[in-house]
Every structure is written in structure tokens, then in C-alpha cells.
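Numbering (my numbering), first residue to last: 336 to 652.
Where a beta carbon is used, it is the ideal one built from N, C-alpha and C, also for glycine.
A short write-up of the structure that comes next.
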């Protein structure tokens, strides 16, 4: 088994997502190529630091990209090669810019939502109404929407934690109508000998029939059946997130907004509008699924608008 296959094997045993698998394998590959295809077991902290510093100083990558590269290489050494590494505090780091998140006003949110069509519009409303992350929305399962309890359950979010968030009352009829259409599609798949979805972790082995059950189906399935890259099975996966990203971008442009708007902007707006409405910051932290309160605190700076409450001296003349 070659090195990259070893990385894939360990990642799958640890139940990392397919997105993480693709990213980590690519970073390990780039790391090896940068050092003239030397095997990592013959390299160490020095070579790792050289490569990570190269990303910061020559490639000019963002801090988050540099961190992802480092995480992938540390994963390689710690979990694949089983080699302990030291501290990387001495290496050149990419500077993480301190920026406030882009937030829309309630009026802007309404305008953009009105400009996003059909299914993508429903997804955008869920992200704003529930404070979901992009992939949290894309990966929702039918069983995750609890209409009677007015909750949406987000499973395996960041940090592999589950959480619940309120289901907007006004979305219920639209979701029920949408799910009725999706159920017809699922029943057609079953009649065609298909109807399976990917199940997380070992659930597929433990519950062999669950993959075809209605509750496990994606709320927003893809229009096409595709081959699972890990199992090779033909399945209907969830909708591709890039389609929603384009729809939101186009919707913001149609609505006449000049600020950059992405699906995550709805999540930022969800948090900011709750704080503006007087909700406790700890409550907002829980709804967002933030591990650290400091991540939620940034929205208090948005509300204060960084000194915008101060009267300009020009207006004092």
C-alpha cells in the first residue's frame, strides 16, 4: 500500500469526512513533491517547517489554508507513520486578518431571500432561520427535522457535536410540501432497485436496511444518482453545495447588494439579529454550536459597529 493509500485508510478508520480525506491527501502529496518526493519518514520538523513557511511567505496562502496543511501533515506523522513531532511555534505563520463578519440587515435578508429561487431559496431560509452552516444544511436528513417539537437537529457538526436549533414556524408548510416531492422521488428509486444513501460511521453494518429508510434520506438530494467514491455503490447523494453558493451570490446581485454575500452570511446575520433582539449570548453560542464563547463574541462587535455609536465631530459643528 503506497503512502497516500495509507493516509486514506487511516482517515476512513477514523470516520473523517470525504472532504477532509481529499484535502489531507492533497496536502500530503504536495508536501512530498515539495521535498523532491522524499518519503516523510526520512524527514521531520525541519522539513515540515520549511514547507509551511513556504506556503506563508512564497505562496501567500491564507492562515486557514496554512493551518489545514499543517493539520494534514501532523495527521500523517502522528496517525499514519506514528512518529511524534515537536513544537512548530518557530515557523513563519500566515497572518490571520482580524475582520468583522459580513452581516445583512433584516431588510437585505428579505430582499436576497426573495431573489433566490425554489429549492435553493428554501435552503437559504433554513440557514438564516436556524443558523446552520452550509454543509449542515446540505447534509440534513429527513429525521433531523422534528415538526412537532419545532426543532432541527444538527448531527456531527464542528467538533463532532450534535445540537438542536428552533425550526421557523413559517417554513413548516414549505418543508412539508418539499418533503412530499422528495418522498415520491425516493419511492421511484426504491422501485428501480436503488434508494440507498450514505450512512455515517458503522451504521450501515449495524443497520443494513437503514440506508433505504425514509428517515435517513437527505432533505435536499441530488438530481442524479452517482457512484459513492468509497464503497462504489450507486446512490443518490445530497445536493452539491456549490449550486447553493451560486444561487445566493446571484440572489444578492439581483437584490442590488454591493456587499459580498455567501450562504454563511445568513448564519452571521442569524446570530447578529438574535443578539440585537436581546437574546443572551450564551443562548446564541449554543444555537450556533460554538465551542468557545469568543467565537460568538465577534457578533457583539458587529452590533456596536466598531465605534459607529460615536458622533462624528463634523456633526458637532
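query: Is residue 529 near residue 571, with beta carbons less than 8 Å apart?
result: Here residue 529 is taken as the residue at index 194 of the chain shown, counted from 1. Here residue 571 is taken as the residue at index 236 of the chain shown, counted from 1. Yes, these two residues count as a Cβ contact at 8 Å.
- prompt: residue 589 and residue 450 look like a contact to me (Cβ under 8 Å); what is the Cβ gap, rounded to whole Å?
  reply: Position 254 of the chain shown holds residue 589. Position 115 of the chain shown holds residue 450. Right, the Cβ-Cβ distance comes to about 4 Å (below 8 Å), so this counts as a contact.
- request: Go through the segment 343-395 residue by residue and report every complete run of the alpha helix (DSSP H) that reaches 4 residues or more, in order.
  value: 353-369, 380-392
- prompt: At which residues does the alpha helix (DSSP H) containing residue 521 begin and terminate?
  reply: By 1-based counting over the chain shown, the position of residue 521 is 186. First-last of the alpha helix (DSSP H) with residue 521: 507-526.
- request: State the start and end residues of the unbroken beta strand (DSSP E) segment that holds residue 444.
  value: Counted from its first residue, the chain shown places residue 444 at position 109. In this chain, residue 444 is not harboured by any beta strand (DSSP E); it is covered by the alpha helix (DSSP H) spanning 441-449.
- prompt: Near residue 340, which residues of its chain fall below 6 Å by C-beta distance, leaving aside the five closest residues on each side in sequence?
  reply: The residue you call residue 340 lines up with position 5 of the chain shown. Excluding residues within five positions, none has a Cβ falling inside 6 Å.
Boundaries of the alpha helix (DSSP H) in which residue 602 is found, first to last residue: Residue 602 sits at position 267 when you count from the first residue of the chain shown. Run containing residue 602: 598-611, per the alpha helix (DSSP H) assignment.
query: Excluding the five sequence neighbours on either side, which residues of its own chain have a C-beta within less than 8 Å of the C-beta of residue 485, listed in chain order?
result: Position 150 of the chain shown holds residue 485. Here the set comprises 501, 502, 504.
- prompt: Is DSSP giving residue 569 helix, strand or coil here?
  reply: In the chain shown, residue 569 corresponds to position 234, counting from 1. Looking at residue 569 - three-state DSSP - the assignment turns out to be strand.
query: Alpha carbon to alpha carbon, what distance is there between residue 594 and residue 343?
result: Taking the first residue of the chain shown as position 1, residue 343 is located at position 8. Taking the first residue of the chain shown as position 1, residue 594 is located at position 259. Answer to the nearest angstrom: the Cα atoms are 39 Å apart.
task: Kindly indicate which three-state DSSP category residue 481 falls into: helix, strand or coil?
output: Against the chain shown, residue 481 aligns to sequence position 146. Reduced to three states, the DSSP call for residue 481 is strand.
- request: Measure the beta-carbon distance from residue 579 to residue 470 and round it to whole angstroms, keeping in mind my assumption that it falls under 8 Å.
  value: Position 244 of the chain shown, counting from 1, holds the residue named residue 579. Position 135 of the chain shown, counting from 1, holds the residue named residue 470. About 10 Å; that fails the 8 Å criterion.
- prompt: How is residue 500 classed by DSSP in three states: helix, strand or coil?
  reply: If you number the chain shown from 1, residue 500 lands on position 165. Taken through DSSP and simplified to helix, strand or coil, residue 500 comes out as strand.
message: Am I right that residue 460 and residue 506 are in contact with their C-beta atoms under 8 Å? What's the rounded C-beta distance?
response: The residue you call residue 460 lines up with position 125 of the chain shown. The residue you call residue 506 lines up with position 171 of the chain shown. About 6 Å separates the two Cβ atoms, so the contact holds.
- request: Could you tell me which residues DSSP pairs with residue 487 in its beta bridges?
  value: Indexing the chain shown from 1 puts residue 487 at position 152. The partner list for residue 487 (beta bridge, DSSP) reads 480, 500.
- prompt: From 488, 400, 535, pick the residue whose C-alpha is nearest to that of residue 350; which is it?
  reply: By 1-based counting over the chain shown, the position of residue 350 is 15. Comparing Cα-Cα distances from residue 350 to each of 488, 400, 535, the minimum goes to 535.
- prompt: Who are the near neighbours of residue 407 in its chain, counting only those whose CB is closer than 7 Å to its CB and skipping five residues on each side?
  reply: In the chain shown, the residue the question calls residue 407 occupies position 72. The residues are 358, 359, 362, 363.
task: With distances taken Cα to Cα, identify the nearest neighbour of residue 573 among 399, 473, 637.
output: Here the question's residue 573 lines up with position 238 in the chain shown. That would be 473, whose Cα lies nearest to the Cα of residue 573.
message: What does the Cβ neighbour count give for residue 479, buried or exposed, with the cut at 16 atoms within 10 Å?
response: Locating residue 479 in the chain shown gives position 144, where the first residue counts as 1. Buried, because 16 or more other Cβ atoms sit within 10 Å of the Cβ of residue 479.
Straight-line gap, residue 414 to residue 372 (C-alpha atoms, nearest Å): For the purposes of this step, residue 414 is taken as residue 79 along the chain shown, with counting starting at 1. For the purposes of this step, residue 372 is taken as residue 37 along the chain shown, with counting starting at 1. Taking the straight line from one Cα to the other gives about 20 Å.
task: For residue 411, collect the residues of the same chain with a Cβ closer than 7 Å to its Cβ; drop the 5 residues on either side in sequence, then sort them by chain order.
output: Indexing the chain shown from 1 puts residue 411 at position 76. Excluding positions up to five away in sequence, the list reads 342, 363, 375.
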